[in-house]
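Comments concern the structure below.
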Amino acid sequence: MLPPIQLHLDSTLGVIVIAEIMVAMLFGITSVQIYVYFHRNPRDSKFMKRTIFFLWILDGLHLAFTSHSVYHYAVTNFMNPLALTQCPWSFAIDVVFGDLSEVIVTALFAYRIWKFSGKLWPLMLIVPPAIISFAGAIAIGVFARKVPDFVEFNDKYAWVWYAVFSVQAFIDCAIAVALCTMLIKRRTGFKRTDSLIRILVVYSINTCALTSSVAIGSVITYAVMPHNFVFIAFAMVLPKLMLNALLALLNSRDKMRNMHAGQAISVHLSKLASRLARSAGSESSENPLDRRELRRSHVADQVLSKDQEIHVLGHPHDGSFDVESQASRSVIVES
1 MLPPIQLHLD STLGVIVIAE IMVAMLFGIT SVQIYVYFHR NPRDSKFMKR TIFFLWILDG
61 LHLAFTSHSV YHYAVTNFMN PLALTQCPWS FAIDVVFGDL SEVIVTALFA YRIWKFSGKL
121 WPLMLIVPPA IISFAGAIAI GVFARKVPDF VEFNDKYAWV WYAVFSVQAF IDCAIAVALC
181 TMLIKRRTGF KRTDSLIRIL VVYSINTCAL TSSVAIGSVI TYAVMPHNFV FIAFAMVLPK
241 LMLNALLALL NSRDKMRNMH AGQAISVHLS KLASRLARSA GSESSENPLD RRELRRSHVA
301 DQVLSKDQEI HVLGHPHDGS FDVESQASRS VIVES
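Set out below in structure tokens:
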């Protein structure tokens, strides 16, 4: 059996107070991102908008329950340090709400990956572990209230905590791997598109590194220091980081559109070819500009089907044009 919990305020109450401050700050950032999302993305589906709003409500409830837990320890039981050995009801519920938010965020990431890759393996790789993690979070909440103190929880149910946050770290890495695999396969050879793909790959890796590091940090600190609240502090912050990562990706789409668009013109090759042909027949065939445009249309028509929409990127005045398919552009803008 593990030795009794060490009641050092710096590593127990002090740690969760600092974590609560970080949780409150991240909720403020989340609220700003929610406002930006609804302001910038009016064309998103009602389902997506409602889901994002529901996640914001969950995030607010998560803040409320963590605040109650800190208040329980710091104010209600100010002169009762033995209360630090017991789990308040709000902490048990907070674990469940926090993991529910993570499951929904994970499902949205998996859905977007499936939508643009057309492959089922990202869903099979990401969603089942997320459901297992949520079931484990419910078990933590139930067991934490079932036992009289954290000492007995550490003795009987430590494996549940290890399992939940190890699975969460795996999920974060799986999302990054799936995103990077999808994006790398969508490289087109066009400099503008490939540069944006590199940006998204770096963003995916950095997001995975942050969230998975927090999950792994909770596992390691629980294994090394099970008698203080450092591992709880990591768990308090993780749902906020996951939601902010999703919102940052959604809110960056406008910027990526602007970076990718340049001076873009959307045309259909069939229309372009017919108009250039009529122009070449009606006007002087000695016009070098018409002949160059007609040749450019003919070459592009051999690469893409006539009814496929393309984007001509470049500056007409300097004579430089790049032809890029709508499919590759939509992946960058919407993924």
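Number 178 in the UniProt record's numbering belongs to position 178 of the sequence shown; there are no gaps in the numbering.
All C-beta atoms, glycine included, are put in the ideal place defined by N, C-alpha and C.
For residue i, the three-state DSSP class (helix, strand or coil)
i           : result
residue 149 : coil
residue 49  : helix
residue 40  : helix
residue 87  : coil
residue 66  : helix
residue 122 : helix
residue 212 : helix
residue 252 : coil
residue 14  : helix
residue 25  : helix
residue 80  : coil
residue 272 : At residue 272 the pLDDT is 48, less than 50, meaning the model places this residue with poor confidence and gives no usable figure here.
residue 72  : helix
residue 239 : helix
residue 9   : coil
residue 225 : coil
residue 112 : helix
residue 189 : coil
Straight-line Cα distance separating residue j from residue i
i           : j           : result
residue 176 : residue 113 : 10 angstroms
residue 252 : residue 43  : 15 angstroms
residue 76  : residue 197 : 52 angstroms
residue 246 : residue 173 : 15 angstroms
residue 12  : residue 249 : 35 angstroms
residue 107 : residue 227 : 34 angstroms
residue 73  : residue 84  : 7 angstroms
residue 203 : residue 81  : 43 angstroms
residue 41  : residue 152 : 49 angstroms
residue 193 : residue 254 : 15 angstroms
residue 213 : residue 71  : 28 angstroms
residue 155 : residue 146 : 13 angstroms
residue 46  : residue 157 : 41 angstroms
residue 211 : residue 170 : 10 angstroms
residue 161 : residue 51  : 28 angstroms
residue 207 : residue 90  : 29 angstroms
residue 102 : residue 86  : 26 angstroms
residue 56  : residue 237 : 15 angstroms
residue 381 : residue 118 : Residue 381 cannot be examined here, being either before or after the span of the chain that is shown, 1 to 335.
residue 243 : residue 37  : 13 angstroms
residue 235 : residue 10  : 18 angstroms
residue 88  : residue 116 : 44 angstroms
residue 215 : residue 159 : 15 angstroms
6 angstroms CB neighbourhood of residue i in its chain, flanking five on each side removed
i           : result
residue 110 : 122, 123, 126 and 127
residue 201 : 180 and 183
8 angstroms Cβ cutoff, residue i in contact with chain D
i           : result
residue 176 : Checking the listed chains, one finds no chain D in this structure; it contains a single protein chain.
Rounded Cβ spacing between residue i and residue j (contact assumed at less than 8 angstroms)
i           : j           : result
residue 21  : residue 95  : Residue 21 to residue 95, Cβ: 19 angstroms. No contact.
residue 167 : residue 133 : 5 angstroms
residue 92  : residue 144 : 5 angstroms
residue 230 : residue 15  : 5 angstroms
residue 219 : residue 150 : 17 angstroms between Cβ atoms; not a contact.
residue 240 : residue 26  : 4 angstroms
Residues near residue i in its chain [Cβ-Cβ closer than 8 angstroms; skip 5 each side]
i           : result
residue 8   : 228
residue 120 : 114
Other residues of its chain near residue i: CB distance less than 7 angstroms, five sequence neighbours each side excluded
i           : result
residue 67  : 20
residue 163 : 136
residue 187 : 194 and 197
residue 97  : 58, 61, 62 and 65
residue 221 : 230, 231 and 234
residue 29  : 244
May I ask you to verify whether the stretch 53–62 touches the stretch 121–129, counting CB pairs closer than 8 angstroms and requiring at least 3? Because the criterion of three Cβ pairs below 8 angstroms is not met, the stretch 53–62 and the stretch 121–129 do not touch.
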